[in-house]
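So the sequence shown is numbered by our numbering: it starts at 29 and just counts up by one. From the three backbone atoms N, C-alpha and C, an ideal C-beta is built for every residue, glycine too. Remember, it's a predicted structure, so these values are computed and weren't measured experimentally.
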Amino acid sequence: ILKLLHLVDDKIHARSTGPYSLVTQQPLGGKAQFGGQRFGEMEVWALEAYGAAHTLQELLTIKSDDRVGRVKSYESIVKGENIPEPGVPASFKVLLKEMQSLGLSVKPVYNAEAAAEDQDRRDWDEAARALGINLSRDEPTGNLEEPPPGAFGRGGI
């Protein structure tokens, strides 16, 4: 008789809280590091298709890398209060820093009023450009129609 080597006691693993990565603030992976279960891209798609938006929001923020939301939700559970809305995930902040290190100017807009105001400004700019009106504060210098002779070396344009 052969004995089954894969025993449940060796395989079972559960985690309520535990260690997190210092850079990404996401739970470590694997049983040896007391990590969490990976919730991959296809699992996210499945929850999106099922319409489980609140569960998905919880998994991708509080249970993942939303450091402030994690602490606030733990405190509210201990106090018996309602769990507050999750904040900005650390992975998004890391993405912003990476884009800024590439020289890209990135400004996150956090409230709907500011986003609507910004969209209105873009709409006005687009309508003005369609009419041939320049609303930008920068005044163009020189003649934009035709470059001066020799501007691009000996061969012209």
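Could you tell me the alpha carbon to alpha carbon distance between A77 and L123, rounded to whole angstroms? Residue numbering aside, residue 77 sits at position 49 when the sequence shown is read from its first letter. Residue numbering aside, residue 123 sits at position 95 when the sequence shown is read from its first letter. Rounded to whole angstroms, A77 to L123 spans 26 Å at the Cα level.
Does DSSP put G108 in a helix, a strand or coil? For the purposes of this step, residue 108 is taken as the residue at position 80 of the sequence shown. In the three-state reduction of the DSSP assignment, G108 falls in the coil class.
How about the region 94-110 and the region 66-81: do they share at least three Cβ pairs that are nearer than 8 Å? Too few Cβ pairs lie closer than 8 Å, so no.
Cα separation between A144 and D151? As a working note, residue 144 is residue 116 in the sequence shown. As a working note, residue 151 is residue 123 in the sequence shown. Rounded to the nearest angstrom, the two C-alpha atoms are 10 Å apart.
In the DSSP assignment, find the alpha helix (DSSP H) that holds H82 and state where it starts and stops. As a working mapping, residue 82 is identified with position 54 in the sequence shown. Counting along the chain, the alpha helix (DSSP H) containing H82 begins and ends at 81-88.
Among residues of its own chain, excluding the 5 on either side of Q147, which ones have a beta-carbon nearer than 7 Å to its beta-carbon? As a working note, residue 147 is residue 119 in the sequence shown. Nothing meets the Cβ criterion.
Out of curiosity, what's the CA-to-CA distance linking P117 and P136? By 1-based counting over the sequence shown, the position of residue 117 is 89. By 1-based counting over the sequence shown, the position of residue 136 is 108. Taking the CA atoms as reference points, P117 sits about 13 Å from P136.
On the DSSP letters alone, give me the boundaries of the alpha helix (DSSP H) that R74 sits inside. Working through the sequence shown from its first residue, we reach residue 74 at position 46. As written in the sequence, residue 74 is Ala, which differs from the Arg given in the question. For A74, the enclosing alpha helix (DSSP H) starts and ends at 69-78.
What separation, rounded to the nearest whole angstrom, lies between the Cα atoms of R95 and G58? Taking the first residue of the sequence shown as position 1, residue 95 is located at position 67. Taking the first residue of the sequence shown as position 1, residue 58 is located at position 30. In a straight line, the C-alpha of R95 is about 20 Å away from that of G58.
Quick check on G115: does DSSP put it in helix, strand or coil? The residue given as residue 115 occupies position 87 in the sequence shown. It is coil, neither helix nor strand.
Residue nearest to P114 in terms of C-alpha spacing, selected from S44, R66, L88, L33: Translated into positions along the sequence shown, residue 114 becomes position 86. Looking at the Cα atoms, L88 is the closest of the given residues.
Going by DSSP, what residues sit across from P136 in a beta bridge? Taking the first residue of the sequence shown as position 1, residue 136 is located at position 108. For P136, no pairing in a beta bridge is given by DSSP.
Determine the contact status of R98 and I111, defining contact as a CB-CB distance below 8 Å. Within the sequence shown, the letter at position 70 stands for residue 98. Within the sequence shown, the letter at position 83 stands for residue 111. At the C-beta level, R98 and I111 stay beyond 8 Å of one another.
Among the residues of its own chain, which have a CB less than 6 Å from the CB of A60, if the five just before and after it don't count? Along the sequence shown, read from residue 1 onward, the residue named residue 60 stands at position 32. None.
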